[in-house]
Amino acid sequence: MDPDTFRLRTQIAAAIRNRKNRPLTANAKLHDGRRLLIASYNVHKCVGTDGRFDPGRIAQVIKEIDPDIIALQEADKRFGERVGLLDLGHLEREVGLSWVGTIGATRAHGWHGNVVLARHSIVRDLHPVTLPGLEPRGALVAELELKSGARLRVIGAHLGLLRHSRRLQANALSGFVASRRDIPTVLMGDLNEWRLGRSSSLAGLTPLFCDVPAPVASFPSRLPLFALDRIVSDREGLIGWYGAHDSALSRVASDHLPVKAYVEVS
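Count along the sequence shown from 1, then add 28; that gives the number in our numbering.
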């Protein structure tokens, strides 16, 4: 049995054994003024595990997290006219998160469903990236000037379901960042890959994205088995604590749990 298969079977067995006693791990944010809390959340077009379309639940989960920066995936309708599904004004009023914008005249909130929201930040540059592969996929790159004056590049991405496409997409993102090493970069999103090491379709990220926390299971939200959602950085030591936001509401609001991390940007 190969290591990936053994690891997966072990995770599944442990999750099933512990499913009734799974603790809530939605820790409160630590406001110490030194660190930023960043997060990534695949909102599943605001459709929960109960089949209900409810953008209000997604907004409440984001309020629970209380991030300084968050990248969302599947925040737009995918077929027909791409229309945003969230109430961005409500998120700004209730959580203090501002939409960084998108490109062109559109009713969509993001680029291929990728949205970035930030608090107390100035958007210095916004760049949509079309990713290769059989499915239409993309990444949204936002260069932010933070309240402290420091700058941070945030890439919100949703990689493809096909392994070959993910390899191409990981290589494309590495190539994009390799020519832009002037400021720290954080990549976060639903990367659709749970494997680690050379067998992973994300292996193309590792030469550049050197700060890779141990993955945490985020999918499916009711019984997390797979670490599909990730936060990684191209600066060693940038990412501190990292984990899933596992609350009673986040278990039902989407089929993914949010993941979150503290970062220190000087």
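Ideal placement from N, C-alpha and C gives every residue a C-beta, glycine not left out.
Because the structure is a prediction, the values reported are computed rather than measured.
Segment limits, beta strand (DSSP E) that includes residue 98: According to the DSSP assignment, residue 98 belongs to the beta strand (DSSP E) that extends over 97-101.
Span separating the alpha-carbon of residue 266 from that of residue 242: One C-alpha to the other measures close to 14 Å.
Around the Cβ of residue 281, are there at least 16 other Cβ atoms within 10 angstroms (buried) or fewer (exposed)? The C-beta of residue 281 has 16 or more other C-beta atoms within 10 Å across all chains shown, which makes the residue buried.
In three-state terms, what does DSSP make of residue 80? Judged by DSSP in its simplified three-state form, residue 80 adopts coil rather than helix or strand.
Strictly by DSSP, which residues pair up with residue 168? Answer by DSSP bridge pairing, in chain order: 156 and 184.
What residues are listed by DSSP as bridge partners for residue 68? The partner list for residue 68 (beta bridge, DSSP) reads 99 and 287.
Put residue 86 into one of helix, strand or coil per three-state DSSP. Residue state, collapsed to three classes: helix.
Quick check on DSSP: helix, strand or coil for residue 272? Of the three classes helix, strand and coil, the one that applies to residue 272 here is strand, per DSSP.
Straight-line CA distance for residue 13 to residue 150? No answer is possible for residue 13: it lies beyond the span of the chain, which begins at 29 and ends at 294.
Between the beta-carbon of residue 202 and the beta-carbon of residue 233, is there less than 8 Å? In this structure, residue 233 lies closer than 8 Å to residue 202 by Cβ.
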